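Protein chains in written order, with my numbering: chain P, 101 to 212; chain G, 639 to 752.
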Amino acid sequence: GQQLNQSPQSMFIQEGEDVSMNCTSSSIFNTWLWYKQDPGEGPVLLIALYKAGELTSNGRLTAQFGITRKDSFLNISASIPSDVGIYFCAGPRRAAGNKLTFGGGTRVLVKP
Amino acid sequence: GAVVSQHPSWVICKSGTSVKIECRSLDFQATTMFWYRQFPKQSLMLMATSNEGSKATYEQGVEKDKFLINHASLTLSTLTVTSAHPEDSSFYICSANSVNTEAFFGQGTRLTVV
């Protein structure tokens with residue numbers, strides 16, 4: 101079930117803008133994952149974070165693992181049209197066979 | 639990177655028939671595979687955990703006789719939707735893990751029951 105609070109639920113972007121979203125949890129996770137899902141496709145892993153305080157980049161994407169291990173954020177710099185999609189944070193529960201707990205997703209849309 | 643292939647991408651079936659969806663890990667051995675269902679504009683809902691050579695573990699509220707899961711090898715898991723009804727229409731997604739990787743997802747299967 102969904103136990104990660106992800107915000108915002110949706111956002112509009114204009115090409116060139118920076119985008120930021122975050123995820124919080126009431127419990128500690130030792131790994132944070134960020135996925136992107138395009139319409140009609142499965143999620144694709146963008147960034148994996150393994151250490152509290154870790155800041156990791158993947159091209160224009162940057163994600164940080166909060167020092168309390170209860171939150172993470174994802175930034176997209178200089179957005180482009182193909183950044184449109186749904187972004188999910190997720191935390192694997194190692195003691196439960198790596199079951200993923202998902203955030204509700206952030207839907208990134210293009211401003212008309 | 640790790641590749642998970644799901645087949646078919648979409649399927650339309652008549653009410654009362656059964657549909658089988660395959661999930662394959664192409665370049666790694668998947669100790670665990672997961673099956674999800676996703677409704678429009680919602681997050682992924684875990685249906686069951688599939689471990690090679692053992693019975694699947696179903697989440698609460700998921701009918702195991704309705705959604706049959708078989709994980710016969712370290713690279714293949716199948717989900718069979720038995721006696722499908724229109725309310726089973728949904729987007730089904732699998733994911734696979736090895737001991738050394740995070741979850742990689744298949745492309746998803748859009749099931750429409752008419």
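Where a beta carbon is used, it is the ideal one built from N, C-alpha and C, also for glycine.
In this text, all values refer to a predicted model and were calculated from it rather than measured experimentally.
According to the neighbour-count rule (16 or more other Cβ atoms, all chains shown, within 10 Å of its Cβ), is residue 723 of chain G buried or exposed? Taking the second sequence and counting its residues from 1, one reaches residue 723 of chain G at position 85. Looking at its Cβ environment, which holds fewer than 16 other Cβ atoms inside 10 Å, residue 723 of chain G is exposed.
Kindly give me the distance between the Cβ atoms of residue 686 of chain G and residue 701 of chain G, rounded to whole angstroms, as I take these residues to be in contact under 8 Å. Walking along the second sequence from the start, residue 686 of chain G turns up at place 48. Walking along the second sequence from the start, residue 701 of chain G turns up at place 63. That belief does not hold up - the Cβ atoms of residue 686 of chain G and residue 701 of chain G are roughly 10 Å apart, past 8 Å.
State the DSSP-derived secondary structure class of residue 118 of chain P, mapped to helix, strand or coil. The residue given as residue 118 of chain P occupies position 18 in the first sequence. Coil at residue 118 of chain P, not helix or strand.
Under 7 Å from any heavy atom of the ligand GDP, does the C-beta of residue 117 of chain P make it? The ligand GDP is not among the ligands present in this structure, which contains no ligands whatsoever.
Using 8 Å as the cut-off, can you tell me whether the stretch 641 to 649 of chain G makes contact with the stretch 149 to 156 of chain P, which would need three or more C-beta pairs spanning the two stretches below that distance? no
Taking any Cβ of chain G, which residues in the stretch 187 to 200 of chain P have a Cβ under 9 Å from it, in chain order? Identification of residues in the stretch 187 to 200 of chain P having a C-beta nearer than 9 Å to some C-beta of chain G yields 188, 190, 192, 196, 197, 198, 199 and 200, given in sequence order.
Report, in whole angstroms, the separation of the C-beta atoms of residue 161 of chain P and residue 145 of chain P, which I expect to be a contact under 8 Å. Within the first sequence, residue 161 of chain P is the residue found at index 61, counting from 1. Within the first sequence, residue 145 of chain P is the residue found at index 45, counting from 1. About 11 Å; that fails the 8 Å criterion.
Looking at the secondary structure, which residues open and close the beta strand (DSSP E) in which residue 644 of chain G lies? By 1-based counting over the second sequence, the position of residue 644 of chain G is 6. Residues 642 to 645.
Would you say the stretch 651 to 664 of chain G touches the stretch 154 to 170 of chain P, given that touching needs at least three Cβ pairs under 8 Å? no
Would you identify the three-state DSSP class for residue 678 of chain G, choosing helix, strand or coil? Counted from its first residue, the second sequence places residue 678 of chain G at position 40. Coil at residue 678 of chain G, not helix or strand.
Whole-Å CB distance - residue 741 of chain G paired with residue 661 of chain G, under 8 Å assumed: Taking the first residue of the second sequence as 1, we reach residue 741 of chain G at position 103. Taking the first residue of the second sequence as 1, we reach residue 661 of chain G at position 23. Rounded, the Cβ-Cβ distance is 12 Å, inconsistent with contact.
Exposed or buried, which one is residue 750 of chain G when buried takes at least 16 other CB atoms within 10 Å? Taking the first residue of the second sequence as 1, we reach residue 750 of chain G at position 112. So residue 750 of chain G ends up on the exposed side.
Which whole-angstrom value is the C-beta distance of residue 118 of chain P and residue 158 of chain P, which I expect to be below 8 Å? In the first sequence, residue 118 of chain P corresponds to position 18, counting from 1. In the first sequence, residue 158 of chain P corresponds to position 58, counting from 1. With 8 Å as the limit, residue 118 of chain P and residue 158 of chain P do not qualify as a contact, their Cβ atoms being about 15 Å apart.
7 Å CB neighbourhood of residue 695 of chain G in its chain, flanking five on each side removed: As a working mapping, residue 695 of chain G is identified with position 57 in the second sequence. For residue 695 of chain G, same chain residues with a beta-carbon under 7 Å away, outside a window of 5 residues either side, are 686 and 687 in chain order.
Below 8 Å CB to CB, which residues in the same chain sit around residue 703 of chain G once its five sequence neighbours on both sides are set aside? The sequence position of residue 703 of chain G within the second sequence is 65, counting from 1. Excluding residues within five positions, the ones whose Cβ falls inside 8 Å are 720.
Leaving out the 5 sequence neighbours to the left and right, which residues in its chain are closer than 6 Å to residue 714 of chain G when beta-carbon positions are compared? Looking up residue 714 of chain G in the second sequence gives position 76. Contacts found: 662.
Using the C-alpha atoms, what's the distance from residue 667 of chain G back to residue 204 of chain P? Within the first sequence, residue 204 of chain P is the residue found at index 104, counting from 1. Within the second sequence, residue 667 of chain G is the residue found at index 29, counting from 1. Residue 204 of chain P and residue 667 of chain G: Cα-Cα distance of roughly 29 Å.
As assigned by DSSP and simplified to three states, the class of residue 195 of chain P: Residue numbering aside, residue 195 of chain P sits at position 95 when the first sequence is read from its first letter. The answer is helix: DSSP assigns residue 195 of chain P an H, G or I state.
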